[in-house]
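What follows is a short report on a single structure.
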Amino acid sequence: MNHCSTKAGRIARIVGGAVIAAVMAMSFFVTYKHRAMAISDGENSVMDISKTDISQSDTSSDAPAANEVAKARISVTGDVIGHDAILEAAKVSKDKYNFDFIYKHLAGYVSVSDYAVTNLETTLGGSDYRGYPTFNSPDSLVDSIIGAGFDMLLTANNHANDTGYKGMLRTAQVLKSKNVDFIGTVEDESDTRYLVREINGIKLGMICYTYEGRARKNGQKYLNGIMNNRSAAIINTFNVRNLDEFYTELGGRIEAMKADGAEAIVVFMHWGVEYELAPNGNQKKIAQKLCDMGVDVIVGGHPHVVQPMELLTAKTDSSHKTVCIYSIGNSISNQRKNFMKIKTGHTEDGVFISFTFSKYSDGKVILSDVDVIPTWVNLYRNSQTKKNVFEIIPLDQSVGDWGKAFSLDDAGIKDAEASYKRTMKIIGNGLKDSQDYCRGSADAMKK
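Going by the numbering used here, the sequence shown opens with residue 816, and the numbers climb by one from there.
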């Protein structure tokens, strides 16, 4: 499948300013090719540095240089949460909803990725739509996600069972009928629990897990409530009280992905503690183990805030590195700072993170690039429709005037700038570590 041409067709379906967003995004990626973000003093200072590559190969200086023969850019953004306020904003009539406005500014960035992923933190129960605490959204939410250019949805999270087995099953069935990839849950317990997808000539193995909420009792699994056996059988879960079981299961699935041709492995983890700005001990322990198991990238979610990036080194093989971002925060939600217990604004923040895999003439596939664009959820009142509008704003420094580019007033610009600083303060050091490693590894591949 040519994902770039598919996205070009999808983007045409976005209403309003999507065309403008796409043009801006294309301009961004041309500019961003020669620019990466670095942080000094833990704050928001940006300087120009060369775009760098991450390599996990042990290349001998005596070996002939390998040529890059393929490249695939994978982009991921955070939780899509169907709060009541977002459902109301999308309501067109009694049974009709349109969520396209969410992706007006982000769609252009998604469209230039070769493969894009987001976390569906809701279910598609088919009726009785509602938000917190048991989420159930209209199918048209997925239409807007697909229309914005996303290729895969993550479905293993703590809200996957909010409408019970029927809702979990129907979610899988709807996604399958819409021809969009998904991992984390399956339609039938015998289905493959991972995905190996060829993207621009590179085969990428991907798998998604969510934490279980408490210790198992009589073998039953808990996910915001006790799951019945049918629900438990069609979702990937792990229990922090029995990590050896998780590692054994995941290890077997990693081997299966490799047997199916996977040349690199990405693991999506729904873990951690809500609203904590740093990973806890379990997250760090699991991440290190996954690095030791040969995973190339770990993308975390669930805390609803951005958590740090880290470049991990395998204890079993010091030449193997793993890029881990512990939480990519919210993509879209109504978790506004004015009524959250955490008043810092971090719940309005997220990241649009991109990983580029490169394949060389000697057959090696490496992680060759990492880019990050912080995102912020803008909420405003449409004076004509008298309805709220929720938008994901890509906080792209190359755009220049955010007020003009994203129609932000002075207060909006101030909030956007504050969001950018919050996110870069959290991820900046880990991003710089990864990019420093990239530079040396990329140079070695060229020798």
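Glycine included, C-beta positions come from ideal geometry on N, C-alpha and C.
Integer Cβ distance of residue i from residue j, believed to fall under 8 angstroms
i	j	result
V1185	V1138	6 angstroms
T949	T978	7 angstroms
G1160	R1237	6 angstroms
R985	G946	Going by Cβ atoms, the distance from R985 to G946 rounds to 18 angstroms, so no, they are not a contact pair.
L1019	A887	7 angstroms
G1218	I1228	5 angstroms
V1120	Y1090	6 angstroms
V1180	A1079	5 angstroms
R1254	L1194	R1254 to L1194, Cβ: 39 angstroms. No contact.
A1093	L1127	Between L1127 and A1093 the Cβ distance is about 16 angstroms, and since that is not below 8 angstroms, they are no contact.
N1097	A900	Their Cβ separation, rounded to whole angstroms, is 32 angstroms, which puts N1097 and A900 out of contact at 8 angstroms.
Beta-carbon spacing of residue i, residue j below 8 angstroms
i	j	result
I1022	I998	yes
Y1024	A971	yes
Y1062	K1100	no
V925	S1146	no
Y1281	I1208	The displayed coordinates of the chain run from 816 to 1262. Any statement about residue 1281 would go beyond what the structure contains.
R1045	Y980	yes
C1106	A1129	yes
F1170	I961	no
A881	N1015	no
L935	L969	yes
G1087	Y1141	yes
L1182	F1172	yes
L939	M1124	no
A904	N1203	yes
R1068	N1054	no
N951	D943	yes
G1243	T892	no
L1210	A1233	no
I1041	K1174	no
N913	S955	yes
H974	T933	no
M1108	G1066	yes
E1163	V1192	yes
N1057	N976	no
F1221	H920	yes
Coarse secondary structure for residue i, derived from DSSP in three states
i	result
H1161	helix
A1259	helix
S1146	strand
W1191	strand
T1052	strand
R1031	coil
D1251	helix
M1239	helix
A1231	helix
K886	strand
D894	strand
D1184	strand
G1245	helix
M1124	strand
K1156	coil
S1133	coil
S1176	coil
T1171	strand
V1001	coil
Alpha helix (DSSP H) segment containing residue i, residue limits
i	result
L1058	1058-1074
M783	Summary: the structure shown does not reach residue 783, with the chain confined to residues 816 through 1262, and so no result is reported for it.
N1044	1044-1047
Range of the contiguous beta strand (DSSP E) that encloses residue i
i	result
R1012	1010-1014
T1025	1017-1026
Y1141	1136-1143
I1041	Per DSSP, I1041 belongs to no beta strand (DSSP E) and is neither H nor E.
M1108	Note, M1108: premise wrong, no beta strand (DSSP E); not H, not E.
D996	996-998
Cβ of residue i within 8 angstroms of any chain B Cβ
i	result
K1032	Among the chains in the structure shown there is no chain B, since it carries only a single protein chain.
Any non-hydrogen atom of the ligand ADP closer than 7 angstroms to residue i Cβ
i	result
K1247	Looking for the ligand ADP in the displayed structure turns up nothing, as the structure carries no ligands at all.
Quick one: complete beta strand (DSSP E) runs, 3+ long, within the region 896-968?
-> 906-908, 930-936
What residue ranges within the region 1197-1229 form continuous beta strand (DSSP E) runs of no fewer than 3 residues, ordered along the chain?
-> 1202-1209
Uninterrupted beta strand (DSSP E) stretches inside the region 1075-1102 (no shorter than 3 residues) | 1079-1085
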